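Below you'll find the structure, written out as structure tokens, and then a few comments.
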Amino acid sequence: MLVGLGSNVGDRLAHLREAVDGLRSVLRHIEVSHVYETSPVGVLTQPTFLNAAVRGETTEGPQRLFCWAKSLEFAAGRRPGPRLGPRQLDLDIIAFGDLVVATPRLHIPHAAFAERGFVLAPLADLAPDLVLPGAEATVSTLARQVGHAGIERAYPPESLSAPG
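Residue numbers (our numbering): 650 to 813.
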């Protein structure tokens, strides 16, 4: 499974690090992408984001993982706010194997992944040759098509390991 991570409020890197640590409770064999500094999308008058992706294995179902992700966001201080607005932590289930889910609260693959460079750049670190359900190209091809404007590699994967 693949999870996208983002933060643009407070100690952004610490929020991402805490999310990776929290995901270790439900994911095994975790791999982490580089961390990217990215321009905001939608609401442009907000701080830049740090974005990353995590790949891991789980025995949990997608609904359980969705609830776990929401609890991690809440623990980081996220509360309901404007769509695409600032947030301490945003976790999105990008892919769950070949599974396709479409409920009012959960879409897998994530509905807009193929249009968002801030999702595709970290995803390409972990799974460049992956073709997600509904996509017509690999993650790396989609990333090239979307482009890298406003996306800069900021930190190595090790920066999301717990300090010490």
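Glycine included, C-beta positions come from ideal geometry on N, C-alpha and C. These figures come from a predicted structure and were not determined experimentally.
Beta-ladder partner(s) of residue i, from DSSP
i	result
Gly-653	Ala-702, Asp-741
Ala-751	His-756
Thr-687	Phe-698, Ile-800
Val-681	Val-703
Chain-order list of residues whose beta-carbon lies under 7 Å from that of residue i (same chain, five-residue window excluded)
i	result
Leu-665	Leu-654, Ser-656, Val-684, Leu-699, Ala-701, Leu-809
Leu-791	Ala-763, Leu-769, Ala-784
Ile-800	Tyr-685, Thr-687, Gly-766, Phe-767, Ala-770
Ile-757	Pro-711, Ile-742, Ala-744, Phe-745, Leu-748, Val-749, Val-750
Residue nearest to residue i in terms of C-alpha spacing, selected from the options
i	options	result
Leu-755	Val-669, Ala-803, Leu-672, Ala-718	Ala-718
Ile-679	Glu-706, Leu-662, Leu-693, Ala-668	Glu-706
Gly-746	Val-780, Ala-724, Thr-694	Val-780
Ala-798	Pro-753, Val-658, Thr-687, Val-652	Thr-687
Pro-735	Val-658, Leu-651, Val-652, Met-650	Val-658
Met-814	Ser-789, Pro-806, Leu-772	As displayed, the chain neither begins before 650 nor continues past 813, which places residue 814 out of reach and without an answer.
Arg-661	Val-750, Glu-722, Leu-714, Ala-744	Glu-722
Pro-711	Ala-744, Arg-802, Arg-673, Ala-761	Ala-744
Arg-802	Thr-752, Pro-758, Thr-697	Thr-697
Integer Cβ distance of residue i from residue j, believed to fall under 8 Å
i	j	result
Val-681	Val-703	6 Å
Ile-742	Val-652	6 Å
Leu-733	Val-692	5 Å
Ala-725	Glu-667	6 Å
Which of helix, strand or coil DSSP assigns to residue i
i	result
His-664	helix
Thr-697	coil
Thr-787	coil
Gly-813	With a pLDDT of only 47 at Gly-813, under 50, the local geometry of the prediction cannot be trusted, and no value is derived from it.
Arg-793	helix
Ala-670	Just to set this straight, residue 670 is Asp in the shown sequence, not Ala. Residue state, collapsed to three classes: helix.
Cut-off 8 Å between Cβ atoms - residues of its own chain near residue i, not counting five sequence neighbours on either side
i	result
Gln-794	Ala-786
Ser-789	Ala-773, Pro-777, Asp-778
Arg-727	Arg-736, Gln-737, Leu-738, Asp-739
Residue i CB to nearest heavy atom of the ligand NAP below 7 Å
i	result
Val-795	This structure simply doesn't include the ligand NAP, nor any ligand for that matter.
Contacts around residue i, its chain only, beta-carbon distance under 6 Å, and the 5 residues preceding and following it disregarded
i	result
Leu-775	Glu-680, Ser-682, Ala-702, Arg-704
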